[in-house]
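Okay, so here's the structure we're looking at.
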DNA sequence: GGTTACCTTTGGATCGTTCCAATCACCCAG
DNA sequence: CTGGGTGATTGGAACGATCCAAAGGTAACC
């Protein structure tokens, strides 16, 4: 049990009722805008509410009504601009629907995720929007929150199977299609030697993107060389180091589909150091469309995921689930959009 | 009164009590780790808690104890990486102290801020960490939340005076010193025609930064031209539009102190479009040191504010206030640190 | 006048927890 | 056998709202 803190004396329904000579029940009806109360009474009560500076105690109401007016939002990394935008979208939509957002950040640790979920669930959220920490499992999450609270999974699948009676909804990005679009675009630009760079294939999102890349290459009848697939951590720095692998052998790619924007920026850095100019000597695409993508030199062709819209969408999903607790669980694959900028140039003619 | 949503049947203390033949009160004592209960009983109860999958209802406990276990965090713009980091820091520290974060984002609108505060206060947070929306006033805020809930103001002062009996704490950045450091740095680089760009002077943080700029200029005996001060919204996009104003007249600046990093990036964009190379033709400094600043082209000289540490600090302040509700109100000015990167080049010799 | 109907209002129980004073079981000293 | 002390447990009243069945008041109608 954790620390808690006393709050100052608060005005309650009883104070208002006493203050204007009606019963508690009547005041409650006024508060909820019931048509039952007489106009004159309503006016009197409302005046008294204002006069005493009454604030509604939603916790007490929720207790009695067995309802909830909050949704928990648990993110693996809030500081990432992608998730910050997402959170803003979630909060916006939840706020409009009269819900409040309970925030939890797990810092990509499944241990911390357990603690955070355990703490949040005690506050009785009506549902949870969860972008699982890397390496966390369905089983763990279920143990922390029980099978009764609705969940919308975002961005990632936690490991392990979901028991049949539990209905979680999902909102995922269309990774495969995104990577396919990028690859197709490069092919249309005239490239044939196209590499796929960055990310680790043990992550589901990376596997999906790789699949999209392969799909486009095969559809175009291009034979994919094994050394055109180079993995790296999904960070700028590690990508810059790993980039050498792309040019180690002959038959070097003229275009590179990158796992995400960070990796793409790392590659740009590495190219510059080798005296190659990204967006002229080598074409590049990213994934995410972070703010920086519009400002780098060259500006980066990438896939826009519209994180704020995704946030709104996740909120809509959980709200829909609350309205229809028994409906079939939904899996939404959010579209991504190719944003063509300078970095995806045609190949240089020899 | 807004929509709410029913929650599934929950296990309560009564279920546990009935399940192992003790009273509700005893189970409650077990939950709170009281030394009063017999060892054997405790074991039996704990087993039953596990067996039935009990989850603590903190709202009910808070109601009875008249305590709160949540803190509201209200930000003017969550999507800004600076505030996202800040929020992560806040949530981290609050979580460790056993509090949960209620999130609210106002999108820089004081109307929305009123609505958000009104909704959050109904959930009875123990305190509020508030980065006020532009143009909001102390009076408004006070009307929304009353005088009883502790407040930590971050980053900005809302307009208007604070009644004497209300104790709000403040955590501000050393804006003036930061802008002075940046300006002095540019002067040392050899610049004389230095502009101050972006932000609105009706915002306190902006006025302070402007003051720091003026201080450095005056100390160096440089006469400041009126057209070296150009305002804009503190966003990348608006700054890019407003940038033209800097070069409208002759005597154009060779260096620009920007209100924040977003504005600096907007300026870079605008410069590139005019065929000027930021970091070579024009020196630039920012403010905030967002992650992007280390990765832009050129990398951005800016003032590091360590937003995550600030978040932790804000959380500490509110926690301290909860422990000592009557203590004198505190005002902390957080130091900022100049981070020199590529963008603050010396002037080009004609 | 009595019955019915409608519009308002209300007391008391309730949500899941904590607090408090009271009780109970047990042992030991006198 | 009584009295007191200790340790463990408990019933019932809160907390601030909502729900529900019931009741009071007025008006209309036969």
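Residue numbers (the working numbering), protein chains in the order written: chain A, 1 to 350; chain B, 351 to 700.
Every residue, glycine too, gets a C-beta built ideally from N, C-alpha and C.
Could you pull the DSSP bridge partners for residue i from this structure?
i: residue 128 of chain A; result: A/72 and A/151
i: residue 197 of chain A; result: A/230 and A/258
i: residue 301 of chain A; result: A/285
i: residue 159 of chain A; result: A/137
i: residue 263 of chain A; result: Residue 263 of chain A pairs with nothing; no bridge assigned.
i: residue 100 of chain A; result: A/70
i: residue 365 of chain B; result: In DSSP, residue 365 of chain B forms no bridge with anything.
i: residue 168 of chain A; result: A/151
In three-state DSSP terms, what is residue i?
i: residue 690 of chain B; result: coil
i: residue 455 of chain B; result: strand
i: residue 296 of chain A; result: coil
i: residue 431 of chain B; result: helix
i: residue 1 of chain A; result: The predicted position of residue 1 of chain A is uncertain, since its pLDDT is 40 and thus under 50; no value can be drawn from it.
i: residue 290 of chain A; result: coil
i: residue 332 of chain A; result: strand
i: residue 524 of chain B; result: coil
i: residue 238 of chain A; result: helix
i: residue 307 of chain A; result: helix
i: residue 22 of chain A; result: coil
i: residue 116 of chain A; result: helix
i: residue 91 of chain A; result: helix
Drop a sphere of 10 angstroms on the beta-carbon of residue i, count the other beta-carbons inside from all chains shown, and report buried for 16 or more, exposed for fewer.
i: residue 663 of chain B; result: buried
i: residue 514 of chain B; result: exposed
i: residue 412 of chain B; result: buried
i: residue 532 of chain B; result: buried
i: residue 1 of chain A; result: Note that residue 1 of chain A has pLDDT 40, beneath the 50 cutoff, so the model's placement of it is unreliable and no number is given.
i: residue 113 of chain A; result: buried
i: residue 552 of chain B; result: exposed
i: residue 200 of chain A; result: exposed
i: residue 251 of chain A; result: exposed
i: residue 478 of chain B; result: buried
i: residue 140 of chain A; result: buried
i: residue 446 of chain B; result: exposed
i: residue 573 of chain B; result: exposed
i: residue 421 of chain B; result: buried
i: residue 333 of chain A; result: exposed
i: residue 544 of chain B; result: buried
i: residue 121 of chain A; result: buried
i: residue 389 of chain B; result: exposed
Can you find a CB in chain B that lies within less than 8 Å of the CB of residue i?
i: residue 291 of chain A; result: yes
i: residue 296 of chain A; result: yes
i: residue 81 of chain A; result: yes
i: residue 93 of chain A; result: no
i: residue 101 of chain A; result: yes
i: residue 141 of chain A; result: no
i: residue 37 of chain A; result: no
i: residue 241 of chain A; result: no
i: residue 124 of chain A; result: yes
i: residue 282 of chain A; result: no
i: residue 63 of chain A; result: yes
i: residue 55 of chain A; result: yes
i: residue 105 of chain A; result: yes
So, does the CB of residue i fall closer than 8 Å to a CB anywhere in chain A?
i: residue 504 of chain B; result: no
i: residue 615 of chain B; result: yes
i: residue 629 of chain B; result: no
i: residue 667 of chain B; result: no
i: residue 408 of chain B; result: yes
i: residue 546 of chain B; result: no
i: residue 528 of chain B; result: no
i: residue 620 of chain B; result: no
i: residue 625 of chain B; result: no
i: residue 606 of chain B; result: no
Just confirm the distance between the C-beta atoms of residue i and residue j, as a whole number of angstroms; I'd bet it's less than 8 Å.
i: residue 695 of chain B; j: residue 630 of chain B; result: 6 Å
i: residue 429 of chain B; j: residue 536 of chain B; result: With 8 Å as the limit, residue 429 of chain B and residue 536 of chain B do not qualify as a contact, their Cβ atoms being about 30 Å apart.
i: residue 376 of chain A; j: residue 317 of chain A; result: There is no way to answer for residue 376 of chain A, as the model of chain A reaches only from 1 to 350.
i: residue 302 of chain A; j: residue 339 of chain A; result: 6 Å
i: residue 434 of chain B; j: residue 84 of chain A; result: 3 Å
i: residue 395 of chain B; j: residue 376 of chain B; result: 7 Å
i: residue 103 of chain A; j: residue 451 of chain B; result: 4 Å
i: residue 369 of chain B; j: residue 398 of chain B; result: 5 Å
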